[in-house]
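See below for the structure under consideration.
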Amino acid sequence: MRYTPRMPDQLFDSIELVIKGLGMSLVELSVSRQKGEVQTRAIVYKDGAVSIDDCARVHRAILPRLELAFPKQDLRVEVSSPGIERKIKDGAEFTHYVGRPVACYRTDISDWTSGILMNAGDTHIIIKGKDGMTNIAYSDIAKAKLSYFASDTLEEKAAH
28 MRYTPRMPDQ LFDSIELVIK GLGMSLVELS VSRQKGEVQT RAIVYKDGAV SIDDCARVHR
88 AILPRLELAF PKQDLRVEVS SPGIERKIKD GAEFTHYVGR PVACYRTDIS DWTSGILMNA
148 GDTHIIIKGK DGMTNIAYSD IAKAKLSYFA SDTLEEKAAH
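Using the numbering used here, count along the sequence shown one by one with no gaps and you end on 187.
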């Protein structure tokens with residue numbers, strides 16, 4: 028997996044500022060043009076669950092900025108949460124999920140490592156799993172996702 032530092036982007040920065048003001052973070056913003064309309068998709072995250080009301084609040088808050096960015100154009104705006112088993116696309120995305128269960132398929136051992144994400148840096152992550160703390164370099168991660176079940180595994184181990 029690659030770690031790509033986010034480059035300055037005026038639209039992303041503007042939208043991110045609004046979303047942070049609502050107590051959430053912007054994980055991903057994509058803009059495409061299809062059939063004469065500008066389609067925008069924002070994925071937002073917060074500790075706990077992102078509700079439909081949260082998505083509606085974000086939609087209302089970012090729409091004026093998008094209308095300024097794309098004047099006199101038809102806009103389609105979608106706002107969603109990452110989902111409970113989101114595929115993590117880039118190492119830089121891990122910073123949003125510290126404290127959450129994750130699962131990583133590792134190329135160095137050809138197996139999955141799962142647990143609670145304790146730290147996410149520029150070169151590696153630290154996961155607290157059933158075998159303790161594990162440092163995993165981004166270069167050793169073939170794929171990763173949020174994992175609903177990693178916390179259950181830790182709770183079972185703690186109970187025994």
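Ideal Cβ placement from N, Cα and C applies to all residues, glycine included. It should be emphasised that the depicted structure is a prediction, and the values quoted were computed from it without experimental measurement.
Delimiting residues of the beta strand (DSSP E) encompassing residue i
i    : result
G55  : Strictly speaking, residue 55 in this sequence is Glu, with Gly absent from that position. 52-61 is the extent of the beta strand (DSSP E) around E55.
M160 : 159-164
K170 : 168-173
H123 : It is not in any beta strand (DSSP E) - H123 carries neither H nor E in the DSSP assignment.
G156 : 151-156
Helix, strand or coil at residue i [DSSP, three-state]
i    : result
A185 : Interpretation of A185 is limited by its pLDDT of 40, a score under 50 that renders its predicted location unreliable; no figure is taken from the coordinates.
K18  : Residue 18 lies beyond the stretch modelled for the chain, which goes from 28 to 187, so this question has no answer here.
P91  : helix
S141 : strand
G118 : helix
Q66  : strand
D135 : coil
S178 : For S178, the predicted structure reports a pLDDT of 46, less than 50, and the residue's modelled location is therefore unreliable. A value from the coordinates is still provided. DSSP places S178 in helix when its eight states are reduced to three.
V129 : strand
D101 : strand
First through last residue of the alpha helix (DSSP H) which encompasses residue i
i    : result
S108 : S108 -> no alpha helix (DSSP H), and no H or E assigned at all.
A76  : From DSSP, A76 is part of no alpha helix (DSSP H); its letter is neither H nor E.
Sequence-distant residues of its chain with Cβ nearer than 6 angstroms to residue i (five each side left out)
i    : result
S57  : R68
V65  : F97, Q100, L102
S59  : Q66
N162 : H151, I153
A169 : Y132, T134
Cβ shell of residue i (< 7 angstroms), same chain only, five flanking positions each side left out
i    : result
T122 : A147
E43  : L53
R92  : S41, I42, V45
Residues near residue i in its chain [Cβ-Cβ closer than 8 angstroms; skip 5 each side]
i   : result
K73 : G50, M51, S52, D81
T31 : D117, G118, A119
R29 : D117, G118, Y165
Stretch pair the segment 139-148 + the segment 47-66: three plus CB contacts closer than 8 angstroms: no
At least three beta-carbon pairs within less than 8 angstroms, the segment 145-160 to the segment 109-129: yes
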